[in-house]
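See below for the structure under consideration.
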Amino acid sequence: MLPKKFLRRTAIAGASLAGLTAIATAGLWELDRAFPPPLQAELTVSTEVQDRDGQLLRAFATPDGYWRLETRLDQVDKQFVDMLVTYEDKRFWDHEGVDVLALARAAGQFAASGHIVSGGSTLSMQLARLIEPRESRSLGSKIKQMLRAIQIERRLSKREILERYLTLAPYGGNLEGARAASLAYFGKEPKRLTVSEAALLVALPQLPEKRRPDRNLQIAHAARDRVLTRMVSSGLLGEREAARAALDDVSGLRRTLPALAAHAAYAMLPRAVPGQPLRLTIRKSVQEGLEQVARDAATKLGPRLSVAIVLADARTGDILGEVGSANFFDASRSGWIDMTKIVRSPGSTLKPFIYGLAFEQGLVAQETLIEDSPVDFGGYRPKNFDMGYQGDVSIRQALQLSLNVPAIRVLDAVGPARLTARFRQAGVNPILPVNEAPGLAIGLGGVGVTLRDLVQLYTGLANGGKTHTLHDGTEPATAERTTATILDDQANWQIIDILSGVKPPEGASQRGIAYKTGTSYGYRDAWSVGFDGRYVLGVWVGRPDAGAVPGLSGYVSAAPILFEGFVRSGLATVPLPGKPPGVFSPKREDLPVTLARFGAGADGLVQATVTEPAPTIIFPPDGARVDLATNSADASPLVLKLQGGRAPFRWLANGKPLTGIDRRRTATWQPDGAGYSTLTVIDAAGRAASVKVFVE
Numbered sequence: 001m002l003p004k005k006f007l008r009r010t011a012i013a014g015a016s017l018a019g020l021t022a023i024a025t026a027g028l029w030e031l032d033r034a035f036p037p038p039l040q041a042e043l044t045v046s047t048e049v050q051d052r053d054g055q056l057l058r059a060f061a062t063p064d065g066y067w068r069l070e071t072r073l074d075q076v077d078k079q080f081v082d083m084l085v086t087y088e089d090k091r092f093w094d095h096e097g098v099d100v101l102a103l104a105r106a107a108g109q110f111a112a113s114g115h116i117v118s119g120g121s122t123l124s125m126q127l128a129r130l131i132e133p134r135e136s137r138s139l140g141s142k143i144k145q146m147l148r149a150i151q152i153e154r155r156l157s158k159r160e161i162l163e164r165y166l167t168l169a170p171y172g173g174n175l176e177g178a179r180a181a182s183l184a185y186f187g188k189e190p191k192r193l194t195v196s197e198a199a200l201l202v203a204l205p206q207l208p209e210k211r212r213p214d215r216n217l218q219i220a221h222a223a224r225d226r227v228l229t230r231m232v233s234s235g236l237l238g239e240r241e242a243a244r245a246a247l248d249d250v251s252g253l254r255r256t257l258p259a260l261a262a263h264a265a266y267a268m269l270p271r272a273v274p275g276q277p278l279r280l281t282i283r284k285s286v287q288e289g290l291e292q293v294a295r296d297a298a299t300k301l302g303p304r305l306s307v308a309i310v311l312a313d314a315r316t317g318d319i320l321g322e323v324g325s326a327n328f329f330d331a332s333r334s335g336w337i338d339m340t341k342i343v344r345s346p347g348s349t350l351k352p353f354i355y356g357l358a359f360e361q362g363l364v365a366q367e368t369l370i371e372d373s374p375v376d377f378g379g380y381r382p383k384n385f386d387m388g389y390q391g392d393v394s395i396r397q398a399l400q401l402s403l404n405v406p407a408i409r410v411l412d413a414v415g416p417a418r419l420t421a422r423f424r425q426a427g428v429n430p431i432l433p434v435n436e437a438p439g440l441a442i443g444l445g446g447v448g449v450t451l452r453d454l455v456q457l458y459t460g461l462a463n464g465g466k467t468h469t470l471h472d473g474t475e476p477a478t479a480e481r482t483t484a485t486i487l488d489d490q491a492n493w494q495i496i497d498i499l500s501g502v503k504p505p506e507g508a509s510q511r512g513i514a515y516k517t518g519t520s521y522g523y524r525d526a527w528s529v530g531f532d533g534r535y536v537l538g539v540w541v542g543r544p545d546a547g548a549v550p551g552l553s554g555y556v557s558a559a560p561i562l563f564e565g566f567v568r569s570g571l572a573t574v575p576l577p578g579k580p581p582g583v584f585s586p587k588r589e590d591l592p593v594t595l596a597r598f599g600a601g602a603d604g605l606v607q608a609t610v611t612e613p614a615p616t617i618i619f620p621p622d623g624a625r626v627d628l629a630t631n632s633a634d635a636s637p638l639v640l641k642l643q644g645g646r647a648p649f650r651w652l653a654n655g656k657p658l659t660g661i662d663r664r665r666t667a668t669w670q671p672d673g674a675g676y677s678t679l680t681v682i683d684a685a686g687r688a689a690s691v692k693v694f695v696e
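Take 1 as the starting number for the sequence shown in the UniProt record's numbering and just add one per residue.
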């Protein structure tokens with residue numbers, strides 16, 4: 001039995017040691033709080049502009065000039081991470097900042113050989129060196145790193161430590177982080193790396209300048225092979241897998257980081273928040289294709305000419321691709337100007353909406369004849385593009401051939417004010433000369449719009465007559481996004497049917513799209529806007545300084561770019577909208593008298609607007625068979641249209657009033673079922689007109 005005196009002394013010594021330990025621990029805690037590691041809450045990283053799916057469109061260097069992209073573990077290849085930990089710090093997941101065994105091994109190797117054989121630094125110690133660069137390679141600096149590593153481990157999880165290392169690790173030049181290195185050396189994100197690529201990324205941070213593949217290819221190649229050998233000895237790779245990886249070439253090329261959607265990306269910069277990527281509605285694959293199309297087209301078109309393209313989803317208004325110029329950095333083409341937002345004359349691209357309103361009002365059918373001949377509208381004498389005249393043509397031919405005189409005849413009947421009001425209703429504000437009311441010249445481009453305006457209007461044609469406000473993500477959060485009707489669905493289909501029959505430009509394949517071209521006065525702007533059942537693509541070609549370009553035209557200069565843009569966008573063609581119920585498209589011989597010819601007197605006005613004849617029901621025509629899908633749950637009402645008469649009007653179906661008295665010349669009727677019905681309209685003077693139709 002031990003003496004009591006010994007036990008008492010032992011107890012005192014133990015208590016003293018515990019006290020000293022507690023004091024030392026408390027001191028260390030105080031020192032830790034007094035001298036914390038310089039860990040930023042948010043790393044200073046490159047501002048990223050991403051596409052709708054989170055893919056990188058463009059990055060901007062940090063204020064100190066580095067390409068430093070934030071890197072998360074879910075953004076890098078898992079095998080790369082495993083190789084990194086195995087090569088640099090195989091007990092990373094177990095130690096608390098310092099690997100005592102690795103340090104002992106390194107010390108023993110140094111003592112035996114007289115030089116450093118392997119390092120004992122952990123990833124936590126390396127992170128400490130990255131956030132607080134050492135002034136020298138002294139023992140004191142190494143001890144400081146060890147203490148910092150312990151501090152870091154107390155504040156960050158293992159995952160956070162790895163992510164910070166993968167963001168800050170040097171890879172040569174001004175590249176920092178695995179993502180920037182992978183994009184620069186391999187041209188891809190590090191999500192899926194080959195074994196060879198992963199091994200190179202593991203090797204570079206130890207001697208980033210010496211091992212840069214773009215400067216020292218052979219040294220980089222040898223460093224990669226050493227990593228592969230270590231992975232075999234560690235059991236992470238099989239010998240055959242490593243041997244195959246060693247056969248892969250190491251590229252000596254350093255690529256530029258993605259630099260897509262320059263105009264939109266720069267527009268987003270004022271909203272940048274550190275550590276948070278900026279997001280656009282653009283789709284990267286679409287943007288890449290359209291930018292290449294614009295560059296190729298500008299090269300063929302010649303110097304000083306630029307190209308702008310907008311591709312939008314008609315169902316949502318999302319802009320999936322937008323090219324503001326052929327080359328953002330080409331000063332000869334004023335590439336910094338975003339020509340998608342510059343107001344220019346649209347040429348003939350507004351004609352579809354003129355005819356659309358005429359279809360809505362029941363003034364024309366596709367086979368209605370209209371005269372293409374010289375005419376004087378109070379001193380305004382429109383001429384066709386080729387300075388020739390076709391004589392009598394159908395409405396379908398007039399629009400497909402983009403004849404100017406027929407379009408102005410129809411606009412005179414429809415009313416320029418009504419056309420511009422419809423544009424404003426759809427969210428597009430056409431720019432008119434100061435203090436001037438809308439005139440007939442707007443039908444031939446005598447008004448200012450932007451390429452985005454045109455595409456927004458054409459989203460209505462691709463979307464059953466309903467437009468969506470275009471947006472790409474650069475708009476203020478408070479910006480209003482609206483849906484509006486540009487044309488009713490039946491008139492809209494008539495325009496689609498006509499434009500889908502326009503001949504593609506020479507060498508282009510028919511892709512099931514409808515399109516329209518336009519050329520502004522003086523050959524300053526060439527346009528082409530086309531659509532399928534979902535996507536609308538608009539093209540502008542010209543000089544940013546509005547200089548004339550002899551020979552420039554929408555069909556020759558812009559239309560080929562339109563078709564190539566649809567191909568290179570990579571989007572699958574969506575069928576054009578089908579014929580809605582109730583649409584009546586008679587052959588010429590079946591047209592009622594009132595629609596056989598677009599009647600205009602010497603003054604150019606439709607006769608029905610000059611006099612006050614008796615009312616005439618122009619749709620549906622007498623004896624027509626109309627398919628309204630009456631047997632389905634989606635049965636559509638029949639649109640009724642009339643000409644002449646004096647408002648207000650009363651409509652009757654089989655002798656029963658449809659609605660109250662109405663001043664409009666259109667009405668709708670929902671039949672009870674299939675069969676013959678008699679429709680009657682009575683005007684304010686008591687005059688009546690009737691038609692008999694068969695509803696299916």
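Where is the CB? At the ideal position from N, CA and C, for every residue including glycine.
Here the structure is a predicted model, which means the values were calculated and not measured.
- Taken through DSSP and simplified to helix, strand or coil, His-263 comes out as helix.
- Boundaries of the beta strand (DSSP E) around Lys-692: 688-695.
- In the structure shown, Ser-553 adopts coil according to DSSP, grouped into three states.
- In terms of Cβ geometry, Ile-431 and Gly-445 do not form a close pair [threshold 7 Å].
- With the rule of 3 Cβ pairs closer than 8 Å, the segment 402-412 does not count as touching the segment 448-468.
- Partner residues in the beta bridge of Glu-48, as assigned by DSSP, are Ala-59.
- Shortest Cα-Cα distance from Arg-333 to any of Val-310, Leu-305, Val-323 involves Leu-305.
- Beyond the five residues adjoining it in sequence on each side, Pro-208 comes within less than 7 Å, by CB distance, of Pro-170, Tyr-171, Gly-172 in the same chain, given in chain order.
- In the DSSP assignment, the residues bridged to Ile-682 are Arg-650, Ala-688.
- Taking one beta carbon from each stretch, the segment 292-310 and the segment 222-236 have fewer than 3 pairs nearer than 8 Å; the two do not touch.
- For Lys-641, the enclosing beta strand (DSSP E) begins and ends at 638-643.
- For Ser-306, the uninterrupted beta strand (DSSP E) run begins and ends at 306-313, by DSSP.
- Tyr-676 is bridged by DSSP to Phe-694.
- Of the residues Ser-285, Ser-520, Val-45, the one whose Cα lies closest to the Cα of Arg-568 is Ser-285.
- Going by DSSP, Thr-519 is part of no alpha helix (DSSP H) but of the beta strand (DSSP E) stretching over 514-519.
- Within the same chain, and ignoring the five residues on either side of Ser-348 in sequence, the residues whose Cβ sits closer than 6 Å to its Cβ are Ser-402, Gly-518.
- Of Gly-275, Phe-694, Ile-282, the smallest CA-CA separation from Gly-317 is found for Ile-282.
- Ranking Ala-421, Ala-326, Phe-377, Thr-368 by CA distance to the CA of Trp-540 puts Ala-326 first.
- Between the C-alpha atoms of Pro-575 and Asp-532 there is a straight-line separation of about 6 Å.
- Rounded to whole angstroms, Thr-483 and Ala-426 show a C-alpha spacing of 7 Å.
- When the beta-carbon positions are compared, Ala-267 and Arg-58 stay at least 7 Å from each other.
- Looking at the DSSP output, Ala-484 shares a beta bridge with Thr-467.
- One Cα belongs to Glu-70, the other to Arg-524, and the distance between them is close to 45 Å.
- By alpha-carbon distance to Thr-299, the top candidate from Ile-561, Leu-642, Leu-628 is Ile-561.
- Within a 10 Å sphere around the beta-carbon of Tyr-355 sit 16 or more other beta-carbons, which makes this residue buried.
- The alpha carbon of Thr-368 has as its nearest neighbour, out of Ile-618, Pro-433, Asn-654, the alpha carbon of Ile-618.
- Here the alpha carbon of Ala-572 sits roughly 59 Å from the alpha carbon of Val-100.
- A distance below 7 Å separates the beta carbons of Ala-264 and Thr-474.
- Residue environment analysis places Thr-616 among the buried positions, since at least 16 neighbouring C-beta atoms fall within 10 angstroms of its C-beta.
- Val-447 sits in coil when the DSSP states are folded into three classes, being neither helix nor strand.
- With at least 16 other beta carbons inside 10 angstroms of its own, Asn-492 counts as buried.
- A Cβ-Cβ distance of about 4 Å is found for the pair Ile-150 and Gly-97, placing them in contact under the 8 Å criterion.
- Assignment of beta-bridge partners to Phe-377 by DSSP yields Tyr-380.
- Taking 7 Å as the cut-off, the beta carbon of Arg-211 is found no closer than this to the beta carbon of Leu-217.
- Under the DSSP definition of a beta bridge, Arg-279 partners with Gln-50.
- With a threshold of 16 other beta carbon atoms within 10 Å, Leu-280 meets it and is buried.
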